[in-house]
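Per our numbering, residue 3 is the first one in the sequence shown, and the count goes up by one each step.
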Amino acid sequence: MEVIKEKLLEGRELLRQCYSENRDGSALLRGHAKLIDGILRRVWHDMAMPKGIALVAVGGYGRGQLFPHSDVDLLVLFPSVEGSAHEIDSATRARLEHWVSFLWDIGLEVGHSVRTLAQCMEEAAKDITVQTSLLEARQLAGPGSLFRKFSRAMQDTLEPHAFFMAKQLEQQQRHGRYHDAIYNLEPNLKEGPGGLRDLQNILWVSRAAGLGKSWRDLAKHGFITYREARLAHCHQAILQDFRIRLHYLAGRREDRLVFDYQTSLAEELGIAAKPPRHAVEVLMQRYYRAARGVTQINAILLVTIHAEIFPASREVPVVINERFQKRGELLEVRDEATFRQNPGAILESILLLQQNPDLKAPSAATLRGMWRTASLIDSAFRREPRHRAMFMEILRQPRGLTRELRLMNRYGILGRYLPAFGRIVGQMQHDLFHVYTVDEHILMVVRNLRRFMAPEFCHEYPLCSRLIGEFERPEVLYLAGLFHDIAKGRHGDHSKLGKADARRFCEQHGMLPEDVELVTWLVENHLIMSMTAQKKDLSDVDVIAEFAGRMGDERHLIALYLLTVADIRGTSPRVWNAWKGKLLEDLFWATRRHLCGEAAQTAGMLENRRNEALELLRRDDIPAEVHEQLWSALDSSYLLLHEPEEIAWHTRHLRHQIKASAAVVKARLAPAKTGIEVLVYTADQKDLFARICDFFDHSDYNIVQAKIHTTRHGYALDTFLVLDSANMTERHGDILGFIEHELAGRLQQEEPLEPPPRGRLSRHLKHFPITPEVDIESDEKGVFHILSIVAGDQPGLLSRIAQVLVQFGVNVHSAKINTLGERAEDTFLVTGNILSEAKTLIHLETQLIKALQTSRETAGESLEKNAAEPIAEDVHKGFTEAHSDSLALAGAR
3 MEVIKEKLLE
13 GRELLRQCYS
23 ENRDGSALLR
33 GHAKLIDGIL
43 RRVWHDMAMP
53 KGIALVAVGG
63 YGRGQLFPHS
73 DVDLLVLFPS
83 VEGSAHEIDS
93 ATRARLEHWV
103 SFLWDIGLEV
113 GHSVRTLAQC
123 MEEAAKDITV
133 QTSLLEARQL
143 AGPGSLFRKF
153 SRAMQDTLEP
163 HAFFMAKQLE
173 QQQRHGRYHD
183 AIYNLEPNLK
193 EGPGGLRDLQ
203 NILWVSRAAG
213 LGKSWRDLAK
223 HGFITYREAR
233 LAHCHQAILQ
243 DFRIRLHYLA
253 GRREDRLVFD
263 YQTSLAEELG
273 IAAKPPRHAV
283 EVLMQRYYRA
293 ARGVTQINAI
303 LLVTIHAEIF
313 PASREVPVVI
323 NERFQKRGEL
333 LEVRDEATFR
343 QNPGAILESI
353 LLLQQNPDLK
363 APSAATLRGM
373 WRTASLIDSA
383 FRREPRHRAM
393 FMEILRQPRG
403 LTRELRLMNR
413 YGILGRYLPA
423 FGRIVGQMQH
433 DLFHVYTVDE
443 HILMVVRNLR
453 RFMAPEFCHE
463 YPLCSRLIGE
473 FERPEVLYLA
483 GLFHDIAKGR
493 HGDHSKLGKA
503 DARRFCEQHG
513 MLPEDVELVT
523 WLVENHLIMS
533 MTAQKKDLSD
543 VDVIAEFAGR
553 MGDERHLIAL
563 YLLTVADIRG
573 TSPRVWNAWK
583 GKLLEDLFWA
593 TRRHLCGEAA
603 QTAGMLENRR
613 NEALELLRRD
623 DIPAEVHEQL
633 WSALDSSYLL
643 LHEPEEIAWH
653 TRHLRHQIKA
663 SAAVVKARLA
673 PAKTGIEVLV
683 YTADQKDLFA
693 RICDFFDHSD
703 YNIVQAKIHT
713 TRHGYALDTF
723 LVLDSANMTE
733 RHGDILGFIE
743 HELAGRLQQE
753 EPLEPPPRGR
763 LSRHLKHFPI
773 TPEVDIESDE
783 KGVFHILSIV
793 AGDQPGLLSR
803 IAQVLVQFGV
813 NVHSAKINTL
823 GERAEDTFLV
833 TGNILSEAKT
843 LIHLETQLIK
853 ALQTSRETAG
863 ESLEKNAAEP
873 IAEDVHKGFT
883 EAHSDSLALA
893 GAR
């Protein structure tokens, strides 16, 4: 055993060394299979296995390809005994069991089955996976006559029509497990869409139909060109190379390109960063482009092979024009040479698919012709007025835009027509909140804009649907969506660079001057609405006036609002939430009122809020005078912060507890189900904000909004909007009771603050950490300081920030808490004596950065160190200052 084990180890190590020198993946796979062949034959012979049975390699190993840590799939084949089931005698069974144990002991991970010839045929007929595995069987040992009989039986069992349909369904189900997404952050190189299995699937159905066993065979029979065969082989080699290296890096079978290995893999391949792009982003773009190429080849060849196996229907084609015709539900080119003779037919075919609702897809010949001639879309093609007019017509069509843009991207047409778009195809953004490549994100944004137009989706975002339905020339929005991130990955501000690209395109395509201006303005300013909504105080009339000034008019405001909602929703399912939507909608309405000349004076607005709150109280039969004692303790900033409905809610619960000795905590399901609203009323204390943050962090609730106010007689009246991480608001009765009881008890006990919770970091954040950023600067009025923080989101983050601020005597007057995926961007309005002293200010920034480290150990150490370090006595003076100018605390975490 030791001799064979040593031979196996030496052989594998030699193969690894050769591979590191020549990088020939195919040679490694063949060499590894050949090495295992020799080991298995020797063991089979040495153990004197029964002469009547055969040892057969199946699956990938049967193809003569074996990855470094893949299973060795084997079939022990027994002859069928006519008239009775074949029973394996006990001696043979014992010998087989010893044989399998021996193989495992020497280091071979075998997957084996023991079947008679009849059982093989029976299993293959029932299970497409078994049939596929046996399709590539290769004899290793035993009687050749038995294997030949097996091969003939397999060939007789194969039914090309049924096999094709079964493999197509199997592929659809497999892709569905990966959400049909090529651009996964951690793709599966073998099973995922665009993976090696998609290439194998083509060769399986081709082999079953007798059309060929290799790319060269398919080229020989005219299904693809020899150039396309080389392209398929090239994509396969890239994926094989990645998978081989993953196996070696992991030291085991690993087919997922997970974060743990992406950096190491980039280093192994000699991929360097190309600022501003990281090396990993360059690596992943290489993978995504190969995967997209595999998807193209897979789709085209499956359609082509389907047409060969299932001959065209007898339906009479309906002529559309001299170039195209309809055959059933397919758009068919009348002569495949059309695209080469007239490349403009590529765009014409896209337009015809949009204009004819009964057409579901291009035919195999049409799709193949479009793909093969996409390279003819060059600068001369793009300068042709007829082509420019057709592209604009595609954007203006009332249906099919999303589907056809995706088709154009899949087959390289869109990237050829828009070269700037071609550069961002497959470009990943490791910013922890974009989960799509840049091209996929852009198409998602256009899809979202189109979705606003569809009547069946108007219930999702009623305001967006109404606004876009009244918007003249909506192609302006689609172009802004196409160009808003098109300059990602270049040196410089992508908004300004994209603006230049957009202007050039719009002017070349003869758009109206006002539309050119709007598209370029949207591309340059596509981030300002989300930044204003998430980082500024929307109750401040100066903020609204400044924002309205940047909008200029209603058309710009409406366009930017629609683009912003579509953009955020197209970033990641985790980034968008109802509260973020409400922030944008509030900003939209406030700005629209200002632009329409309806900006009310502060005094009049406050009076209206009082009257509306009183009306709500009267509806509940609450006497009008009960509010007077509470309201007399509140200043105008309270009315600016809260809506009438909130004021009435507070008054109902606090009218008899103006000077409550114990903390009052009330919770309810927030209007529009945006979360759980929590009212906290208690005598003010220096660490109240930190205590509340600590409670919610330890209870696994995320604060998404808070409004902080201090009454004239020294009571804190704070309102928080929180989300439970398990999204169990349907059980709100239990949750509300828990929050009211537990938080009130926690505030009453006045025990020392607990250390922030130390939950697990996400794997993405672990491998792609965000360097914390802390910036503190005085505001324009010189009253407050603005504390801006950027860090990786992690359990207990807000508690960490709050506790450091408590230790340094810094008061929080407002904060905007915003999370983009796993990236936290928080802004606080603060006061404190320390902020005016350069030395202590630097110390505060240093301690905040330590607390924000994504390593739990680092953060924990920094907090312990903070607690142990003496802080000058004058630092604590700020604790006694009243929160006289409270502002909104709003955001999305």
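All C-beta atoms in this analysis are idealised placements derived from N, C-alpha and C, irrespective of residue type, glycine included.
Proximity of residue i and residue j at Cβ, strictly below 8 Å
i	j	result
D200	T94	no
W373	Y419	no
A669	L723	no
V518	E509	yes
R452	T404	yes
V59	R140	At residue 59 the sequence reads Ala, which differs from the Val that was named. Result yes, Cβ atoms of A59 and R140 sit closer than 8 Å.
D795	R760	no
D696	E756	yes
I488	S532	no
N813	G834	yes
I130	A168	yes
T653	A615	yes
R97	G66	no
H766	F261	yes
L499	R492	yes
A535	L586	yes
L110	V74	yes
T684	A708	no
Through-space distance from residue j to residue i, alpha-carbon basis
i	j	result
H528	A231	43 Å
A896	T593	Residue coverage of the chain in this structure runs from 3 to 895, which leaves residue 896 outside it and unanswerable.
L30	L259	20 Å
L119	E138	15 Å
G196	S639	57 Å
L465	L800	33 Å
I546	L589	8 Å
Q631	E516	56 Å
F80	D158	19 Å
G893	V776	Confidence at G893 is low in this model, with a pLDDT of 32, below 50, so its placement is unreliable and the value that follows should be read with caution. The straight-line gap from Cα to Cα measures roughly 18 Å.
P387	R254	57 Å
E8	L37	13 Å
S266	V116	41 Å
Cβ neighbour criterion (16 or more within 10 Å) applied to residue i
i	result
L11	exposed
I41	buried
E875	Note that E875 scores 35 on pLDDT, short of 50, meaning its location in the model is unreliable and no value can be drawn from it.
Y228	exposed
G178	exposed
F786	buried
F166	buried
K584	buried
Extent of the continuous beta strand (DSSP E) to which residue i belongs
i	result
F80	V74 to F80
F722	Y717 to D726
G794	H787 to G794
N704	Y703 to K709
T1	Residue 1 lies beyond the stretch modelled for the chain, which goes from 3 to 895, so this question has no answer here.
Own chain, CB closer than 8 Å to residue i, minus 5 neighbours either side, in chain order
i	result
K490	I426, Q429, Q431, V440 and H496
F104	M3, V45 and M49
P277	H493
L2	Lying before the first or after the last residue shown, residue 2 is absent from the chain, which here runs from 3 to 895.
Neighbourhood of residue i by C-beta, 7 Å cutoff - its chain only, sequence neighbours within 5 removed
i	result
T713	A635, L636 and L719
P319	Q327, K328, R329 and E334
Residue i Cβ short of 7 Å to the ligand GTP heavy atom set
i	result
Q298	Ligands in the displayed structure: none, and consequently the ligand GTP is not present.
Bounding residues of the alpha helix (DSSP H) (the contiguous stretch that carries residue i)
i	result
R595	A580 to L597
E15	E4 to N24
L332	Unbroken run through L332 is the beta strand (DSSP E), L332 to V335; no alpha helix (DSSP H).
D699	L690 to H700
E519	P515 to E526
Cβ shell of residue i (< 6 Å), same chain only, five flanking positions each side left out
i	result
E459	The question names Glu, but residue 459 is Phe in the sequence shown. Counting only Cβ-Cβ distances below 6 Å, and skipping sequence neighbours, we find R453.
Q264	V282
H486	V525 and H528
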